[in-house]
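Numbering (our numbering), first residue to last: 78 to 377. Using N, Cα and C, we set each Cβ at its ideal position, and we do this for glycine too. As the structure is a computational prediction, the values presented were derived from the model and not from experiment.
Shown next as structure tokens:
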């Protein structure tokens, strides 16, 4: 009797592949995002006679740069993992029963690791600029997390006049808006975006959040975006980035996680319930499964 062999499905087709997608999507997000921050912060006065560099140090560089960074990261990972690229998005989807809880920690690890590696790459790419900028403040590269250093190229911090409560609220509200509006954008019943334009629209959402809520804290609105790079700088600064700004590091972790869950519940139990009550089906040819930041109808 002839033997029949059944090939085993590749590990890349399951959770392992999804984590790889989350890692590289977050890596791209941080390379472009923190890259634009490096442009903003490190090249302020290299114009003629030390004049301000045209355009480089304008806030518009930050908000547009991060919006494009989010868009590109989502395009990298969207069809594989849904391109969460953000522990707050992952937690919110799990809390609403749209993602198995077993995937939450692996996704988080992949996202933070992506941010960590991206920060390491940028640290070496911008080594010369960092050393030059720090030397103007009589600091060495090992003092990058100093209050007068340039750790802010990699991680966020509140303005001196923004207290702990204000910073927490800013990150909480910004992430609630991010996640709640992502739920609205990818909801196939609610005038959904077509033609694979979800990443662009979500990128523009991040631009809007940066323009409206960005300056208080630097709008991390993503624990991996802040904590991954902060861990890298902790390695090169002897842990100083973790104690910087009176141990501020916990706010860009806790506030976005809580805000994201709240934003998801608000959407699902307000607009989502209205759509359900009206018995609306998916519009046109909309298909949420497999799209960027997908929201399938039931846990996978």
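Could you tell me how far apart the beta carbons of residue i and residue j are, in whole angstroms, since I believe they sit closer than 8 Å?
i: residue 333; j: residue 298; result: 5 Å
i: residue 328; j: residue 196; result: Not a contact, Cβ separation roughly 19 Å.
i: residue 153; j: residue 167; result: Actually they are not in contact, since the Cβ atoms of residue 153 and residue 167 sit about 16 Å apart, beyond 8 Å.
i: residue 302; j: residue 107; result: 7 Å
In terms of residues, what are the limits of the alpha helix (DSSP H) holding residue i?
i: residue 344; result: 328-345
i: residue 204; result: 204-213
i: residue 245; result: 241-263
i: residue 110; result: 92-119
i: residue 353; result: 348-354
i: residue 302; result: 300-314
i: residue 320; result: 317-324
i: residue 276; result: 275-290
i: residue 167; result: 164-172
Nearest-angstrom Cα distance between residue i and residue j?
i: residue 89; j: residue 95; result: 8 Å
i: residue 115; j: residue 230; result: 5 Å
i: residue 176; j: residue 353; result: 20 Å
i: residue 170; j: residue 259; result: 11 Å
i: residue 161; j: residue 139; result: 21 Å
i: residue 374; j: residue 348; result: Low confidence applies to residue 374: its pLDDT is 40, below 50, so where it sits in the model is not reliable enough to give any reading.
i: residue 358; j: residue 266; result: 5 Å
i: residue 193; j: residue 319; result: 14 Å
i: residue 188; j: residue 355; result: 37 Å
i: residue 296; j: residue 86; result: 41 Å
i: residue 246; j: residue 324; result: 17 Å
i: residue 340; j: residue 103; result: 21 Å
i: residue 280; j: residue 213; result: 35 Å
i: residue 202; j: residue 208; result: 12 Å
i: residue 91; j: residue 185; result: 16 Å
i: residue 237; j: residue 292; result: 11 Å
i: residue 372; j: residue 322; result: For residue 372, the pLDDT reaches just 48, beneath the cut-off of 50, and the residue's location in the model is therefore unreliable, leaving the point undetermined.
i: residue 346; j: residue 264; result: 13 Å
i: residue 210; j: residue 284; result: 27 Å
i: residue 365; j: residue 330; result: Note that residue 365 scores a pLDDT of 48, beneath 50, so its modelled location is shaky; the value from the coordinates is reported in the next line. Between residue 365 and residue 330, the C-alpha separation is close to 28 Å.
i: residue 343; j: residue 351; result: 12 Å
Verify whether the separation of the beta carbon atoms of residue i and residue j is less than 8 Å.
i: residue 190; j: residue 112; result: no
i: residue 110; j: residue 146; result: yes
i: residue 206; j: residue 117; result: no
i: residue 314; j: residue 221; result: yes
i: residue 336; j: residue 248; result: yes
i: residue 294; j: residue 338; result: no
i: residue 241; j: residue 165; result: no
i: residue 232; j: residue 307; result: yes
i: residue 277; j: residue 148; result: yes
For chain B, find out if any of its Cβ atoms is closer than 8 Å to the Cβ of residue i; answer yes or no.
i: residue 154; result: No chain B is present in this structure, which holds just one protein chain.
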